[in-house]
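Shown next, in structure tokens, is the structure this report addresses.
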Amino acid sequence: MIKVGVLGAAGKMGSEVCRAVSDDSELELVTQVSRGDELQRLTEAGTEVAVEFTDHSVAKKHALFCLSNDIHVVIGTTGFSDEDLAEIEAAANEGSANAFYAPNFALGAVLMMLFAAKAAPHFATAEIIERHHQRKLDAPSGTSLMTARKMNEARGDSAWGTLEGETEKVPGSRGGNVGGIQIHSLRDPGSVAHQEVVLGNTGEILTIKHDSLDRISFMPGVLLAVKKISTLDGLTVGLENLLGL
Numbered sequence: 016m017i018k019v020g021v022l023g024a025a026g027k028m029g030s031e032v033c034r035a036v037s038d039d040s041e042l043e044l045v046t047q048v049s050r051g052d053e054l055q056r057l058t059e060a061g062t063e064v065a066v067e068f069t070d071h072s073v074a075k076k077h078a079l080f081c082l083s084n085d086i087h088v089v090i091g092t093t094g095f096s097d098e099d100l101a102e103i104e105a106a107a108n109e110g111s112a113n114a115f116y117a118p119n120f121a122l123g124a125v126l127m128m129l130f131a132a133k134a135a136p137h138f139a140t141a142e143i144i145e146r147h148h149q150r151k152l153d154a155p156s157g158t159s160l161m162t163a164r165k166m167n168e169a170r171g172d173s174a175w176g177t178l179e180g181e182t183e184k185v186p187g188s189r190g191g192n193v194g195g196i197q198i199h200s201l202r203d204p205g206s207v208a209h210q211e212v213v214l215g216n217t218g219e220i221l222t223i224k225h226d227s228l229d230r231i232s233f234m235p236g237v238l239l240a241v242k243k244i245s246t247l248d249g250l251t252v253g254l255e256n257l258l259g260l
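Numbering (this note's numbering), first residue to last: 16 to 260.
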């Protein structure tokens, strides 16, 4: 049995993780850490793998605490900068514990990113529309940023097409530009996690869309990461690395 602790256990994602861990015969939920609780609860409970679903303002501190105490950490909180991830990677390389980070744990979302990257070299323009619940603080989402990165990597040195003489009557109305891809972020009550990639050529449009309608859609990916993290090395980014994709 793998001894698991959950950071952010009182939140919507954290409580779902607690239920999933408790229902899995290979895992044991040994501690739940919520706002105001001491991180030492993880070490006192003998936690082997911690699952981090809090706020990005404290998530890095939590991850570094785990790694410095030889606790593997699975990170689902988004909003990390490249510098944050580099610091987490350095800490993982220095010790015996590993870190795993994924901006999205849903299998369909991972496939959406891979399909978009496959299509990217064959289209002139691309835009991403992402929609999440109103309590998601970071924008654009980690999923949309990783999607754009993968698409731009697949495209290589070929620039995306642009509109001649384009004018924003309201600043920001065309979204944020990530390497030539416009990203539009919506935050709506009732939403969970939704993303649409729209690629265009003259006379055709390809739309690749994924919807998570319930947070339970993330649980198979989270549990897979918890079970696999001890076999990894340092920091691993992206669920596709555990799926052979």
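Backbone N, C-alpha and C fix where the C-beta goes; we use that ideal spot for every residue, glycine too.
Annotated as distal: LEU79 and GLY20, with beta-carbon spacing of 8 Å or more. Residue nearest to VAL252 within the set ALA154, ALA208, PHE95, LYS184 is PHE95 (criterion: CA-CA distance). The C-alpha of ILE244 lies about 20 Å from the C-alpha of LEU54. Separation of ASP99 and ASP153 (C-alpha to C-alpha, rounded to the nearest whole angstrom) is 15 Å. The Cβ atoms of VAL45 and THR62 sit closer than 8 Å to each other. Secondary structure note for VAL207: it is in no alpha helix (DSSP H), with a DSSP letter that is neither H nor E. Checking the DSSP bridge columns, you'll see LEU44 partnered with VAL19. By the criterion of a C-beta distance shorter than 7 Å, HIS77 is surrounded in its chain by LEU22, LEU54, GLU67, THR69, once the five residues flanking it on both sides are discounted. Counted as a single uninterrupted DSSP element, the stretch harbouring PHE80 is not any beta strand (DSSP E) but the alpha helix (DSSP H) occupying residues 71 to 83.
The straight-line gap separating the alpha-carbon atoms of HIS71 and LEU126 is approximately 25 Å. The C-alpha of PRO235 lies about 13 Å from the C-alpha of SER227.
Within the same chain, and ignoring the five residues on either side of HIS148 in sequence, the residues whose Cβ sits closer than 6 Å to its Cβ are SER206. Between GLU145 and GLN197, the gap from beta carbon to beta carbon reaches 8 Å or more. Here DSSP, grouped into helix, strand and coil, assigns THR162 to helix.
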